[in-house]
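Colleague: The numbering of the sequence shown is the numbering used here, which starts it at 14 and goes up by one. All C-beta atoms in this analysis are idealised placements derived from N, C-alpha and C, irrespective of residue type, glycine included. Because the structure is a prediction, the values reported are computed rather than measured.
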Amino acid sequence: MPVTAHPAFNKASFYFKMKLIRVPVDPNTLEVDIKQMRRAITKNTCMIVASAPCFPHGTIDPIQDISKIAVEYGVPLHVDGCLGGFLIAFMDKAGFPLKPFDFRVPGVMSISCDSHKYGFTPKGASVILYRTSEICSHQFYALADWPGGIYASPSIAGSRSGFLIACCWATLMYYGLDGYVEETRKIIQATRALAQGWSKIDGLYLLHNPDVSVVAVGSKAFNIYYVLDGLRERGWHLNGLQNPAGLHIALTQLHTLPGVIEKLIEETRECVAEVMKRDNTNDTPTAVIYGTNQKVPDKSIVCDMAKLYIGACYNTTIPSSSAKNAH
Ligand SMILES: Cc1ncc(COP(=O)(O)O)c(C=O)c1O
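1. Give, in chain order, every unbroken run of the beta strand (DSSP E) that is at least 3 residues long and sits entirely within the stretch 126-183.
2. Quick check on the DSSP output: the beta strand (DSSP E) that includes A107 runs from which residue to which?
3. Looking at the structure shown, is A208 part of a helix, part of a strand, or coil, going by DSSP?
4. At a cut-off of 7 Å, is C67 close to ligand 1 when judged by its beta-carbon and the heavy atoms of the ligand?
5. Does the distance from the C-beta atom of L100 to that of T197 stay below 8 Å?
6. Name the two residues that bound the continuous alpha helix (DSSP H) containing L244.
7. Can you tell me whether C284 is buried or exposed, with buried defined as 16 or more other CB within 10 angstroms of its CB?
8. Tell me where the beta strand (DSSP E) around A229 begins and ends.
9. Does ligand 1 have a heavy atom nearer than 7 Å to the CB of L96?
10. What I want to know is whether the C-beta of D39 ends up closer than 7 Å to one or more non-hydrogen atoms of ligand 1.
11. Kindly give me the distance between the Cβ atoms of M125 and I141, rounded to whole angstroms, as I take these residues to be in contact under 8 Å.
12. Considering just the uninterrupted stretch of the beta strand (DSSP E) at V315, what are its terminal residues?
13. Do the stretch 107-126 and the stretch 187-204 make contact, defined as three or more Cβ pairs closer than 8 Å?
14. Using C-beta distances below 7 Å, list every residue in its chain close to S168, excluding the 5 sequence neighbours before and after it, in chain order.
15. When the Cα atoms are used, what is the spatial distance from F176 to R35?
16. When the distance is taken between beta carbons, is V16 closer than 8 Å to P37?
17. Kindly indicate which residue of Y188, M50, W182 has the alpha-carbon position closest to the one of F103.
18. For a test of the three-state rule: what should DSSP assign to V301, helix, strand or coil?
19. Quick one: residues in its chain with C-beta nearer than 6 Å to the C-beta of P75, no 5 flanking neighbours on either side, listed in chain order?
20. Measuring straight from C-alpha to C-alpha, what distance separates Y322 and L190?
21. Helix, strand or coil for P20, going by three-state DSSP, please let me know.
22. How many Å lie between F27 and H19 at the Cα?
23. What is the DSSP secondary structure of A25, reduced to helix, strand or coil?
24. Measure the Cβ-Cβ separation of G231 and L244 and say whether it is below 8 Å.
25. Which residues in the same chain have their Cβ closer than 6 Å to the Cβ of D127, if we skip the five residues on either side of it in sequence?
26. I'd like to know whether the C-beta atoms of G132 and T204 end up nearer to each other than 8 Å.
27. Measuring CA to CA, which of W211, S334, Y86, D242 is closest to V301?
28. I need the straight-line Cα distance from L270 to A206, nearest angstrom please.
29. According to DSSP, which residues form a beta bridge with S123?
30. State the beta-bridge partners of G253 as determined by DSSP.
31. Take P257 as the anchor and find which of Y86, Y218, N328 has the nearest alpha-carbon.
32. According to DSSP, is I61 part of a helix, a strand, or is it coil?
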């Protein structure tokens, strides 16, 4: 899979003890290197992944080219449409035509779309589509001789909330096809307006032209994380990117409200002007985190730190001073 595909795949291959090969992207275009992707295929390859679009840069991988490799080697191609699945499906109708990314492309065997992102539904239900019911059947598990009866389960998750599935259904019905097309139109328009605005700010450059709803920028003139932290101080919580350093935003319905994009462009311009005035020695929180990560060659140390943080969040030990106060 391209190195830009979501870490959910790294996590799954870790759980299932499968070897994952990450294919680099071209450092300038940030598009996956198709030649290296072909070279990565071995007799053990069981799946190829493409994103539509990927989270970091919002790029839609060249699905038709990747499909040719998939068909040639008889390997199923999975399209990760988790982030933008509920936009790309409506972009043609909204007036922003895309190249085919779905089952129209012969190698594509499965597609995922998160309904809780641009489907606007609550989290807890999602969508995986298979080209055939035969492929789908591999997802099911059944056990016939359990004393508790015949057990059958459709997915890795066991008990699931019917409430969330009902809420998902109700949301889909509420928007309907026309509603989704309209929201897609507004979000894509806002995305393009932001990309245009940011690209005109001196010192910033677009990491990739937005294919869907993500705008990602970097800088060759200053430490981009200063801008990220400056925007955070103004109430904009954008994401930091690395390799290359950058920041991005995935636009949502909220950003389509009147004046929001204009305000974001203006406040980004202010942050950039501040950074340009400073001598760039004043490290801000994100600059420190990513700067340190760059300097640590053994990434397992960084992973250990991240896991320590999660562990601390789960820790239920009550500090002795608050334990006393609790009585
Ligand atoms: C492109 C993409 N793929 C997959 C996922 C799935 O993530 P999760 O493991 O949270 O369901 C996400 C979530 O942000 C995503 O953006």
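Modeller: Let me spell this out:
1. 140-143, 154-156, 164-166
2. Within the sequence shown, numbered from 1, the residue matching residue 107 stands at position 94. Careful: A107 lies outside any beta strand (DSSP E), inside the alpha helix (DSSP H) at 104-107.
3. Start at 1 with the first residue of the sequence shown, and residue 208 comes out as number 195. Correct three-state label for A208: helix.
4. Locating residue 67 in the sequence shown gives position 54, where the first residue counts as 1. Because some heavy atom of ligand 1 lies under 7 Å away, the Cβ of C67 counts as near it: yes.
5. Here residue 100 refers to the residue found at position 87 of the sequence shown. Here residue 197 refers to the residue found at position 184 of the sequence shown. For L100 and T197, yes; Cβs fall inside 8 Å.
6. Position 231 of the sequence shown, counted from the start, is the residue given in the question as residue 244. Looking at the DSSP string, the run of the alpha helix (DSSP H) that includes L244 is 237-246.
7. To locate residue 284, count along the sequence shown from 1; it is residue 271. C284 is buried by the Cβ-count criterion.
8. Residue 229 sits at position 216 when you count from the first residue of the sequence shown. 227-232 is the span of the beta strand (DSSP E), which, as asked, contains A229.
9. Here residue 96 corresponds to residue number 83 of the sequence shown, with the count starting at 1. Yes, the beta carbon of L96 sits closer than 7 Å to at least one heavy atom of ligand 1.
10. In the sequence shown, residue 39 corresponds to position 26, counting from 1. No, Cβ of D39 sits at least 7 Å from all heavy atoms of ligand 1.
11. Taking the sequence shown and counting its residues from 1, the one referred to as residue 125 is at position 112. Taking the sequence shown and counting its residues from 1, the one referred to as residue 141 is at position 128. This sequence places Ser at residue 125; Met is not what is there. Going by Cβ atoms, the distance from S125 to I141 rounds to 5 Å, so yes, they are a contact pair.
12. Numbered from its first residue, the sequence shown carries residue 315 at position 302. Per DSSP, V315 belongs to no beta strand (DSSP E); it is in the alpha helix (DSSP H), 312-327.
13. yes
14. On the sequence shown, residue 168 is found 155 positions in, with the first residue counted as 1. Excluding sequence neighbours, S168 sits near Q152.
15. Reading the sequence shown from its first residue, position 163 is the one you call residue 176. Reading the sequence shown from its first residue, position 22 is the one you call residue 35. Cα to Cα, F176 sits roughly 38 Å from R35.
16. Within the sequence shown, numbered from 1, the residue matching residue 37 stands at position 24. Within the sequence shown, numbered from 1, the residue matching residue 16 stands at position 3. Yes, they are a contact pair.
17. The residue you call residue 103 lines up with position 90 of the sequence shown. Answer by Cα proximity: Y188.
18. Working through the sequence shown from its first residue, we reach residue 301 at position 288. Here V301 sits in helix by DSSP.
19. Numbered from 1 along the sequence shown, position 62 holds the residue referred to as residue 75. If we look at P75 and ignore the five residues flanking it on each side, it has no Cβ neighbours.
20. Counted from its first residue, the sequence shown places residue 322 at position 309. Counted from its first residue, the sequence shown places residue 190 at position 177. Approximately 42 Å between the Cα atoms of the pair.
21. Walking along the sequence shown from the start, residue 20 turns up at place 7. The answer is helix: DSSP assigns P20 an H, G or I state.
22. One-based indexing of the sequence shown puts residue 27 at position 14. One-based indexing of the sequence shown puts residue 19 at position 6. The straight-line gap from Cα to Cα measures roughly 14 Å.
23. Counting from one through the sequence shown, the residue named residue 25 turns up at place 12. Three-state result, A25: helix.
24. By one-based count along the sequence shown, residue 231 stands at place 218. By one-based count along the sequence shown, residue 244 stands at place 231. No. Outside cutoff.
25. In the sequence shown, the residue the question calls residue 127 occupies position 114. Answer for D127: C95, S139, listed in chain order.
26. Within the sequence shown, the letter at position 119 stands for residue 132. Within the sequence shown, the letter at position 191 stands for residue 204. Not a contact, by the Cβ cut-off of 8 Å.
27. The residue given as residue 301 occupies position 288 in the sequence shown. Here the closest residue by C-alpha is D242.
28. To locate residue 270, count along the sequence shown from 1; it is residue 257. To locate residue 206, count along the sequence shown from 1; it is residue 193. Taking the straight line joining both Cα atoms gives about 13 Å.
29. To locate residue 123, count along the sequence shown from 1; it is residue 110. Answer is H91, Y143.
30. Position 240 of the sequence shown holds residue 253. Its beta-bridge partners are L260.
31. Locating residue 257 in the sequence shown gives position 244, where the first residue counts as 1. When only C-alpha atoms are compared, the closest one is Y218.
32. Numbered from its first residue, the sequence shown carries residue 61 at position 48. DSSP places I61 in strand when its eight states are reduced to three.
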